[in-house]
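Taking it in order: structure first as structure tokens, then the write-up.
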Amino acid sequence: MSEETGAADTLTNGEDHLPQVALIAQYVKDLSFENPSAPGIYQAPEQPKIDVQFNIGSQLAGEDVYEVALKIEIKATQGDLTAYAVELVYAGLFGIRNVPEEHLAPFLLAEAPRLLFPFARRVAADAIRDGNFPSLVLEPIDFGALYMQQAEQQNALAESQPAGEA
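Shown next as structure tokens:
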């Protein structure tokens with residue numbers, strides 16, 4: 015009977031060698047909303063200037079488990095006054111098994127943030143709305159293009175350094 019199964023004999027005890035990725039959990043890791051100019055800011059006549067910054071990080075959280083954290087910083091100013099400042103770290107735990115090393119960084123720094131972003135955007139928008147400001151809907155971000163751009167910059171920097179320097 016084992017001669018007929020052939021390929022099944024290479025998998026022992028249900029062991030699977032196919033790449034597997036799963037989102038285990040997602041959560042607000044840190045959230046801060048500041049409204050330092052209240053109550054006077056609500057009488058300011060001009061539209062606020064809004065600055066948005068993103069940062070992505072990942073770390074090994076356990077065997078075959080990675081935490082990916084998407085940090086969003088939003089600051090709105092009206093003249094010299096800060097209307098509001100939001101700092102959000104929205105994270106996800108991803109189970110990753112049998113993924114080749116060269117595919118790990120693109121997943122953790124491009125695909126995983128793409129999956130987390132809609133939820134992080136909602137948390138930030140709700141915090142701003144709950145501060146009695148018009149809700150801010152962040153535009154979608156092409157994390158894949160950003161990852162490729164950063165990888166190209168790192169390659170160009172590495173190529174421009176003389177041999178032996180690091």
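If you read the sequence shown in this note's numbering, its first letter stands for residue 15, the second for the next number, and so on.
Even glycine gets a Cβ: it sits at the ideal position worked out from N, Cα and C.
task = Please check the pair F47 and A97, which I expect to be a contact at CB under 8 Å, by giving their CB distance rounded to whole angstroms.
result = Start at 1 with the first residue of the sequence shown, and residue 47 comes out as number 33. Start at 1 with the first residue of the sequence shown, and residue 97 comes out as number 83. Rounded, the Cβ-Cβ distance is 11 Å, inconsistent with contact.
request  = Check N69 in the structure and name its three-state DSSP category.
outcome  = Start at 1 with the first residue of the sequence shown, and residue 69 comes out as number 55. Per DSSP, reduced to three states, the secondary structure at N69 is strand.
task = Go ahead and pull the three-state DSSP assignment for E81.
result = Numbered from 1 along the sequence shown, position 67 holds the residue referred to as residue 81. The answer is strand: DSSP assigns E81 an E or B state.
query = Can you name, in chain order, every residue of its own chain whose Cβ lies under 6 Å from the Cβ of E87, other than the five neighbours on each side?
reply = For the purposes of this step, residue 87 is taken as residue 73 along the sequence shown, with counting starting at 1. Result list for E87: Q67, E101, in chain order.
Beta carbon of G106 nearer than 7 Å to that of L152 = Residue numbering aside, residue 106 sits at position 92 when the sequence shown is read from its first letter. Residue numbering aside, residue 152 sits at position 138 when the sequence shown is read from its first letter. Between G106 and L152, the gap from beta carbon to beta carbon reaches 7 Å or more.
Three-state secondary structure (DSSP) of N169 = In the sequence shown, the residue the question calls residue 169 occupies position 155. N169 falls in the helix class under three-state DSSP.
inquiry  = Looking at the secondary structure, which residues open and close the alpha helix (DSSP H) in which F3 lies?
reply    = There is no way to answer for residue 3, as the model of the chain reaches only from 15 to 180.
ask   = Between which two residues does the alpha helix (DSSP H) harbouring E116 extend?
value = Position 102 of the sequence shown, counted from the start, is the residue given in the question as residue 116. Where E116 is concerned, the enclosing alpha helix (DSSP H) stretches over 115-120.
task = Starting from A58, trace the beta strand (DSSP E) both ways and give me its first and last residue.
result = In the sequence shown, counting from the first residue as 1, residue 58 sits at position 44. Element bounds for A58: n/a, residue is neither H nor E.
key: DSSP-derived helix/strand/coil call for Q92   = One-based indexing of the sequence shown puts residue 92 at position 78. Strand, per DSSP.
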